[in-house]
Amino acid sequence: MATGNINVSVENIFPLIKKFLYSDHEIFLRELISNATDATLKMNHLVRIGESKIDIGQPKIEIKIDKDNQTLHIIDEGVGMTKDEVEKYINEVAFSGAEEFLEKYKDSDAKDTGIIGHFGLGFYSAFMVANKVEIKTKSWKDEAAAHWTCEGTTQFTLEEGDKADRGTEIILHINDDEKEFLEEHRINELLVKYNKFMPVPIKFGTKEKELPKAEDAKEDEEPKKVTVDNIINNPDPAWTKQPAELEDADYNSFYRELYPTQFEEPLFHIHLNVDYPFNLTGILYFPKLTNDLSIQKDKIQLYQNQVFVTDNVEGIVPEFLTMLKGVIDSPDIPLNVSRSYLQADGAVKKIASYITRKVADKLKSLFNDNREDFEKKWNDIKVVIEYGMLSEDKFFEKAQKFALYPTTGNQYFTFDELKNDITELQTDKEGKLVVLYASNKDQQHSYIKRAEAKGYKVLLLDSPIVPHLIQKLEQENEQKVSFVRVDSDHVDNLIKKESEQVSKLTDEEKETVKTSFETVVPKERYTVQLEALDSDTAPVMITQPEFMRRMKEMQQTGGGGMFGMGNMPEMYNLVVNTNNPLISKILKAKEDSKKETLIKQTLDLALLSQNLLKGEELTNFVERSFKLIK
């Protein structure tokens, strides 16, 4: 038996490993199964190239719990190790760079600050949960087995072992305060979380399986059952195959495998497959999305060679695509990384750029191949696309070919198509193209009807980031295009033409009307404006200036806007149509009480049309209306 010291010059390596190796102790199982997988794949490769003539059959990895002895066993049928290889790979290579590791983390309190796998310390994650670790291993070469033991100090023992079968068995003597890792449900949970798609079958116990009934079996005959290995993973997931091998049904089936509680089918998928200048495979799915951006994130799962890493993929996937679902697998992404490392890594930046381009190309092909179907799905995918247009300039450029702008009449235009369609009617007297839009078809119904009556197209833009998007569209079009919400002014003022209406009231009468309204209407909420409009246009309208409202909305949804504007009280313009007969009636009313009642009634009717009449004001309006019709 040999004894010795692990090749590292400091004594406190194990406490540091336990404290800083990973933010979650549960990661140890992922690390050890990853090592077992590597060993198995190496054995498969040696057989495939003819270097080994061993009949390896169908090798698997087995996980066993021994509660009586308080041990957890990870057993593989891989290449195994000789005594010399244990010395080399466990005692020396594992701690190459350990001194730099210590220097970097000895004064740190953060548990998830760095790349640990870089130092070859994956195997030593076992000591986060075990006070003693044994390795029983036998090489595929014709050499004696080896038995290595370490009790969490820099001392180890290494002797000849009695293991008869090729492969390696890691035995963890679990600490008293980590006994959760001796519970079947906890280990099963970790296996499903981290190893669900490992490329080697993983056995965890057994299960009963019903055999098919014989054709001549009686109806009430119980089916026979057999005991089979409980294999917890799918070693051959869809993303590892070529797109040509898969049908839509296969993609949908894999989606349900990834998200068992998700009942809706995805709208469509994007298969990622690239081997230069980096390796990346994966499948991204567009699910049906809501307008709530905050609940959508962390749905994409990141893998490294089929080993689960995280479902927090910000920094790898462009932020606007974190609302999608699916899998990304790349050996070029380190298994154990900090967020700051990811964001600075050159390969990761290239991966994010590639994914953006691939998604844009797929969307363009879907639009070109079946525009009608793309239009039907627009409301379910628009949040992702609009968010991408805002946050990624390259995506914005590509999106010009497929981003849609629906009208309140259910027509869908690309931006170029829209400009061509509305230029003749919706260019104002200064040569600027005015794009009218609504954010709520019901609340802004009366304004939409007035605009449509003039032949104008009104877009329906109702996602939460619209204020930011239209700001960007205006900037990209060099201010030759202006977006104006349809309720921000009277329709004649939205797109100003050369001709103007003449007021029926004298300047003195207009001043009297304005004073009468300002006496009744709360100054802190309304600015009274007099306009000479058609006589059949409503006597009073509520509008909200485009600039002020847009800045408030932009600040409320994050970014943009003017400082403090998001907290300002709602302010509206009260547009009084001096040519409407009711305004003349108010002007001529002899009694102040009569004049006040008419003004309040017209104001409340305008508020009602905007769904702004609530609470006490609504109660007073109803009571006043009953009195007026008695």
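Positions in the sequence shown are counted from 1; adding 70 to them yields this note's numbering.
No residue lacks a Cβ here, since even glycine has one placed at the ideal position from N, Cα and C.
Asked                                                                                                  : Found
Spatial distance of Ile103 from His217 (CA atoms)                                                      : 19 Å
Local conformation of Met459 per DSSP, three classes                                                   : helix
Touching by the beta-carbon criterion (3+ pairs, under 8 Å), the region 503-520 and the region 478-488 : yes
Cβ-based neighbour list, Leu433, same chain, cut-off 6 Å, excluding 5 preceding and 5 following        : Phe472
Beta-carbon gap between Asn265 and Phe193 smaller than 8 Å                                             : no
Trp218 (DSSP reduced to helix, strand or coil)                                                         : strand
Cutoff 8 Å: Lys489 Cβ touching any chain D Cβ                                                          : In the displayed structure, chain D is absent; only one protein chain is listed.
Residue(s) in a DSSP beta bridge with Lys123                                                           : Answer is none; Lys123 lacks a bridge partner.
Helix, strand or coil at Thr576 [DSSP, three-state]                                                    : coil
Same chain only: Cβ atoms within 7 Å of Tyr329, ignoring 5 sequence neighbours per side                : Lys395
Boundaries (first-last residue) of the alpha helix (DSSP H) holding Ala200                             : Here Ala200 belongs to no alpha helix (DSSP H); instead the beta strand (DSSP E) covers 200-208.
Option nearest Thr224 by Cα separation, candidates His243, Asp235, Phe197                              : Phe197
For Ala473, the three-state DSSP class (helix, strand or coil)                                         : coil
Inter-residue CB distance, Ser533 and Lys452 (contact presumed, cutoff 8 Å)                            : 6 Å
Three-way DSSP call (helix, strand, coil) for Phe226 in this model                                     : strand
CB contact flag (Leu372, Ile398, <8 Å)                                                                 : yes
Top-ranked residue by Cα proximity to Ala72, from Leu228, His143, Gly150, Thr667                       : Leu228
Rounded straight-line distance, which links the Cα of Glu132 to that of Thr276                         : 11 Å
For Gln599, three-class secondary structure by DSSP                                                    : strand
Backbone CA spacing between Gln374 and Leu337 [nearest angstrom]                                       : 26 Å
Own chain residues within Cβ distance below 7 Å of Phe98, not counting five before or after            : Ser195, Ala196, Met198, Val199
Between the CA atoms of Leu677 and Glu687 - distance to the nearest angstrom                           : 10 Å
Secondary structure, alpha helix (DSSP H): runs of 4+ residues fully inside the region 327-361         : none
Among Ala215, Asp232, Ile240, Leu474, nearest to Glu204 - alpha-carbon criterion                       : Ile240
Inter-residue Cα distance where the pair is Gly636 and Tyr457                                          : Bear in mind that a pLDDT of 48 at Gly636, under 50, signals an unreliable position, so the number given afterwards is only what the model happens to contain. C-alpha separation (whole angstroms): 21 Å.
Euclidean distance between Cα positions of Val610 and Thr477                                           : 26 Å
Cβ pair count under 8 Å reaching 3, the region 142-150 against the region 290-305                      : no
Identity of the residues DSSP links to Thr613 by a beta bridge                                         : Asn643
At least 3 beta-carbon pairs within less than 8 Å: the region 581-596 vs the region 528-543            : no
Rounded C-alpha distance that separates Asp232 from Lys295                                             : 36 Å
Rounded separation between Ser516 and Glu522 - CA only                                                 : 10 Å
Cβ distance (whole Å) where Lys574 is taken to contact Thr648 below 8 Å                                : 7 Å
Ile656 vs Leu668 beta-carbon contact at 8 Å                                                            : yes
Distance, Asn382 Cα to Phe466 Cα                                                                       : 24 Å
Close beta carbons around Arg694, own chain, < 8 Å, minus the five adjacent residues each side         : Thr667, Lys670, Gln671, Asp674
Per DSSP, the bridge partner or partners of His243                                                     : Thr141, Lys202
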